[in-house]
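Asker: There's a structure below that I have some questions on.
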Ligand SMILES: Cc1cc2nc3c(=O)[nH]c(=O)nc-3n(C[C@H](O)[C@H](O)[C@H](O)COP(=O)(O)O)c2cc1C
């Protein structure tokens, strides 16, 4: 079975993708990238297309509903020669996306998805895939129409999130419908929704999917990929603590590397100072690694007051192995003027 990291806006940047790849993910996705923004020359959008060395296979996910913009974006993405495939998002239920006619709004219009996939296919030699849902609402199951669109446009695969748009990201995952989709499909189906451990992955595997995509559960447990591949029980006690510490530190190190790369490659884009950049990610994502540990409530509370890297180091210290440097800055940034500017 192949295990895939889902696209998660604001989370699955190069730093997190490389972490997941090293921990066993067979394929990862970029966050969704706006085709319109690429077509209109938005430089910050291009930050989402950055990869770090050693990331493994990465799919680039585009969103948009204008075939011309998607064709342009597909051309740009292909020219980078960084990605193994291009995916079209026809499943995101966020109001700002749906109101713009993108993501899940497209599910009710298979002809539009057809035109968009054709436009992407016409501009790339990369495999093209579709990520979508089983339908807009329980009274309107549409997955077979969507499969038909994917197959007739020559897609190399389809990812089915086993929830309806009306469910957003909650409620039951309809494995029976995913199994039915698999029975009809002539292209590989990736199953997605609610996978958080071995039993839920086994139930998804029984539908016959070719691969399993994991979203939210990977945010706090990126080692889940490796555990699922080796049928291992989830870690607990000291093993869990050691893993959480190591993952926190690796993730921070990856973010430092990504920050340096973004600053180098986009000098005119006002990339935030390193301290602000790291703190943002620790606040929204990385503190999850310390979930359940004594003192994590206090750590979380302090995160709102922390302003510098040095303060972050001391707040994280109780959770990490004492003998290890807490945040390993690259050699050329350690203790220099650069660091104090970032800390300021
Ligand atoms: C914070 C967040 C961001 C997401 N961003 C994207 C995205 O950029 N593209 C996409 O296709 N789906 C996105 N999704 C949906 C996930 O890829 C996935 O389909 C969904 O979370 C169900 O999988 P899970 O139950 O394993 O989390 C997002 C979901 C969440 C919670």
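Residue numbers (the numbering used here): -1 to 342.
Note that beta-carbon positions come from the ideal geometry of N, C-alpha and C, so glycine has one too.
1) Quick check on this structure: which residue in 138, 45, 2 and 32 has the alpha carbon closest to the alpha carbon of residue 54?
2) Over what stretch of residues does the alpha helix (DSSP H) that includes residue 18 continue unbroken?
3) Which term fits residue 129, buried or exposed, when burial requires 16 or more other beta carbons within 10 angstroms of its beta carbon?
4) By Cβ distance below 8 Å, which residues in the same chain neighbour residue 221 in space, the five residues on each side in sequence not counted?
5) Let me check understanding here. Comparing Cα to Cα, which of 235, 312 and 304 lies closest to residue 291?
6) Quick one, which of 195, 190 and 218 has its alpha-carbon nearest residue 205's?
7) Using 8 Å as the cut-off, can you tell me whether the stretch 262 to 269 makes contact with the stretch 289 to 309, which would need three or more C-beta pairs spanning the two stretches below that distance?
8) Examine ligand 1 and report whether any of its heavy atoms sits within less than 6 Å of the Cβ of residue 166.
9) If we ignore side chains and look at the alpha-carbon of each, how far apart do residue 269 and residue 177 end up?
10) If you draw a straight line from the C-alpha of residue 16 to the C-alpha of residue 226, how long is it?
11) Specify the secondary structure class of residue 25 as computed by DSSP and reduced to three states.
12) How would you call residue 229, buried or exposed, if buried means at least 16 neighbouring beta carbons within 10 angstroms?
13) Specify, as a first and last residue, the run of the alpha helix (DSSP H) that residue 312 falls within.
14) Run the Cβ filter for me: residues under 6 Å from any heavy atom of ligand 1, listed in the order they occur in the chain.
15) Can you give the beta carbon distance from residue 115 to residue 153, rounded, assuming they're within the 8 Å contact cut?
16) Roughly how many angstroms lie between the CA atoms of residue 103 and residue 311, to the nearest whole one?
17) State yes or no: is the C-beta of residue 108 within less than 7 Å of the C-beta of residue 143?
18) Alpha carbon to alpha carbon, how far is residue 315 from residue 64? Give it in angstroms, no decimals.
19) Taking the CB atoms as reference points, tell me whether residue 118 and residue 77 lie closer together than 7 Å.
20) Answer with buried or exposed for residue 231, where buried requires no fewer than 16 other C-beta atoms within 10 angstroms of its C-beta.
21) How about residue 139 and residue 111: do their beta carbons lie closer than 7 Å?
22) Leaving out five residues on either side along the sequence, give the residues of the same chain with a beta carbon under 8 Å from the beta carbon of residue 169.
23) Just mark residue 59 as buried or exposed, buried being the case when its beta carbon has 16 or more other beta carbons within 10 Å.
24) Expressed to the nearest angstrom, what Euclidean distance is found between the alpha-carbon atoms of residue 45 and residue 172?
25) Taking the alpha helix (DSSP H) that residue 114 belongs to, which residues open and close that run?
26) Out of 131, 99, 29 and 47, which has the shortest C-alpha to C-alpha gap to residue 80?
27) If we call anything under 7 Å between Cβ atoms a contact, is residue 134 one with residue 94?
28) Give me the DSSP bridge partner(s) of residue 190.
29) So, residue 145 versus residue 156, is the Cβ gap smaller than 7 Å?
30) Could you pull out every residue in the same chain whose Cβ sits closer than 7 Å to the Cβ of residue 32, ignoring the five residues on either side in sequence?
31) For residue 68, which residues of its own chain have a beta-carbon under 8 Å away from its beta-carbon, when the five flanking residues on both sides are left out?
Answerer: Let's see:
1) 2
2) 12 to 20
3) buried
4) 21, 22, 233, 241 and 245
5) 235
6) 190
7) no
8) no
9) 45 Å
10) 18 Å
11) strand
12) exposed
13) 307 to 314
14) 4, 5, 6, 7, 29, 30, 59, 87, 89, 90, 129, 159, 167, 190, 191, 192, 193, 212, 213, 214 and 215
15) 6 Å
16) 44 Å
17) yes
18) 49 Å
19) no
20) exposed
21) no
22) 161
23) buried
24) 35 Å
25) 108 to 120
26) 47
27) no
28) 159 and 211
29) yes
30) 43, 61 and 62
31) 33, 60, 62, 86, 114, 117 and 118
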